[in-house]
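One structure is given below, encoded as structure tokens.
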Amino acid sequence: MRKIILPVFLGLSVAVLLLYFNLTDTRFEEVIDGTCGDYAWVDANGNGIPDYSSEEEFEFVGDCAGQYTLRTYRDTLRDIQWTWASTFWIFMALLAMAMRDLAYMYRIRVLTDNLLSWLQSFRVIMLWEFASALTPSIVGGSGIAMFIVHREGIKLGKSTAIVLVSALLDELFYILTVVVVLVAIGSDDLFPVSMQKTLFGTTFGTQGIFWIGYGFIVILTTSILIAVFTLPRAFKYLLLQIFRLPILRRWRYGVINVGDDIITTSEELKGKPINYWLKAFGATYVSWTARYIVVNFLILAFASADSSLLNGFLDQILIYARQLVMWVIMLISPTPGSSGVAEFAFSGFLKEFIPLGLVGALALLWRLISYYPYLFIGAIILPRWLRATSLKQKREKTEN
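Last residue of the sequence shown: 727 in the numbering used here, with the numbers rising by one and none dropped.
Spelled out as structure tokens, the structure:
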């Protein structure tokens with residue numbers, strides 16, 4: 328229970344902090360015909376583009392002589408209209424989460440050659456997500472996932488192969504989707520200026536972190552693909568030679584296990600038909616797409632408070648694309664399930680698409696839908712699952 332309290336506390340603390348800062352948020356807005364504006368744009372930074380969140384960009388002129396008005400969070404709350412469309416988009420967000428889990432369940436059945444039932448697949452995915460929610464994103468839940476799959480009656484070698492292939496499919500989806508997004512919208516708007524900070528004349532931002540992280544993912548995925556499908560034994564030999572270096576020698580025995588896992592995975596996957604891979608990658612595509620569009624649906628649910636923020640399909644693509652960058656930031660988070668870091672990244676990357684004063688509320692709602700349920704479902708399932716699988720293993724030993 329203590330392990331559950333920590334991520335909940337971190338996430339809620341950051342969400343409350345965002346809500347507090349939202350109370351002082353202001354944003355300038357161009358007036359619509361027939362309304363009064365008391366501010367004029369002065370283009371303080373000289374870039375020819377209005378920065379609606381900067382007070383330096385606008386000056387008070389009064390007497391309705393300006394083309395802009397100043398909005399506060401109170402204006403946003405007053406303008407919120409809960410309509411059938413809002414209810415529809417919240418429902419779609421919940422449906423997307425269900426699709427995400429169903430696609431994962433289908434994939435695990437495909438990868439196990441249908442050796443797991445739908446109920447077993449549900450337990451495996453919920454416990455896998457539970458493990459991921461309790462461990463830092465940089466560590467992940469793969470090691471625990473092997474234990475979970477194996478305890479459901481799948482041989483250890485096959486369990487290793489399933490978890491490794493699942494990770495490879497996830498990374499392949501990410502690598503390919505980033506390429507598609509860059510071709511579709513470019514990189515100019517992908518990295519928000521608000522996430523950049525200048526210290527001692529050097530600008531630090533998310534762009535550098537993203538490209539380093541993306542490059543690492545590409546190199547790692549390519550290496551594992553070559554190792555698994557082409558040269559598994561040569562890869563193990565190379566690892567052993569590298570870890571003979573004095574500075575790395577202490578981890579050599581662990582690397583032997585990694586090499587064995589690669590060889591086992593290669594043997595398990597030999598001769599798999601193309602249909603096997605199409606089904607597995609198709610399920611991966613559906614699952615990750617559903618994961619990301621949850622945020623799109625939540626923002627659409629509250630768009631009535633400020634319709635000027637969203638400009639059609641391209642903005643929806645940009646919201647989706649920025650989540651790809653967010654994922655790399657969350658991947659290096661040291662906190663359980665990226666708690667705290669995820670909420671902060673949500674604000675930094677998506678604030679410009681969200682009605683004024685609602686960033687903290689939407690960040691909390693996003694995590695309530697996409698993160699916290701796995702903590703509580705996992706906590707409920709785990710004790711019963713351990714007892715049930717333990718009894719099953721005892722019966723199998725007795726029969727043998």
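All C-beta atoms in this analysis are idealised placements derived from N, C-alpha and C, irrespective of residue type, glycine included.
- For Arg694, the enclosing alpha helix (DSSP H) has its first and last residue at 686–697.
- Within its own chain, the residues whose Cβ lies closer than 6 Å to the Cβ of Ala617, once the five positions on either side in sequence are excluded, are Ala423, Met426, Arg427, listed in chain order.
- Of the candidates Phe418, Phe673, Asp497, Gly667, the residue whose Cα lies closest to the Cα of Tyr647 is Phe673.
- Per DSSP, reduced to three states, the secondary structure at Glu479 is coil, with no helix or strand assignment.
- Non-local C-beta neighbours of Pro463 in its own chain, meaning closer than 7 Å and more than five positions away in sequence, comprise Ser660, Pro661, Thr662, Pro663, ordered along the chain.
- Assignment of Arg571 by DSSP, reduced to helix, strand and coil, places it in the coil class.
- Taking C-alpha positions only, Leu397 is separated from Leu350 by approximately 14 Å.
- Beta-carbon to beta-carbon, Pro377 and Glu384 are separated by about 6 Å, close enough to satisfy the 8 Å threshold.
- Cβ neighbours of Glu357 within its own chain (closer than 7 Å, five residues either side excluded): Gln394, Tyr395.
- Counting C-beta pairs closer than 8 Å gives fewer than three between the region 494–507 and the region 359–374, which falls short of the contact rule.
- Separation of the CB atoms of Val451 and Leu443 is rounded to 7 Å, and the pair is thereby assigned contact status at 8 Å.
- Straight-line spacing of the CA atoms in Pro600 and Thr592 works out to 16 Å.
- In this structure, Leu337 is the residue among Ala706, Leu333, Val555, Leu337 with its C-alpha nearest to the C-alpha of Leu691.
- In this structure, the alpha-carbon of Ile704 lies about 25 Å from that of Thr414.
- Residues Leu517, Pro519, Phe676, Leu677 of the same chain have their beta carbon placed closer than 8 Å to that of Arg649, with the five preceding and five following residues left out of the count.
- The beta carbon of Thr504 is closer than 8 Å to those of Trp615, Leu651 in its chain, skipping five residues each way along the sequence.
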